[in-house]
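Following: one structure in structure tokens, then a few remarks.
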Amino acid sequence: VTRNKGWLKSVDQGSILLVIYVAFSGAVVEGLWQLVPLVHLLGLVLACCLLLAIVLWLTQFLA
267 VTRNKGWLKS VDQGSILLVI YVAFSGAVVE GLWQLVPLVH LLGLVLACCL
317 LLAIVLWLTQ FLA
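Following this line, the structure appears as structure tokens:
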């Protein structure tokens, strides 16, 4: 594993990116974004940003 660290990291991140892309594409094909009001989508983005800020602050504070 140590010898192939760079290659494995690329494969790992690439597979995660592929899963996210497939899920997002499926949602677009099914018309999910037409069912979600813009206000709810913006609220979700805001909640994700807030959660990210809290986690980053905690990792900085506890490190």
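Numbering (the working numbering), first residue to last: 267 to 329. Note that the Cβ used here is the ideal one computed from N, Cα and C, for glycine as well.
Rounded to the nearest angstrom, the gap between the Cα atoms of residue 267 and residue 278 is 13 Å. Rounded to whole angstroms, the separation of the alpha carbons of residue 314 and residue 322 is 12 Å. Taking the CA atoms as reference points, residue 281 sits about 10 Å from residue 287. Taken through DSSP and simplified to helix, strand or coil, residue 319 comes out as helix. In this structure, DSSP gives residue 325 a helical state, which the three-state scheme calls helix.
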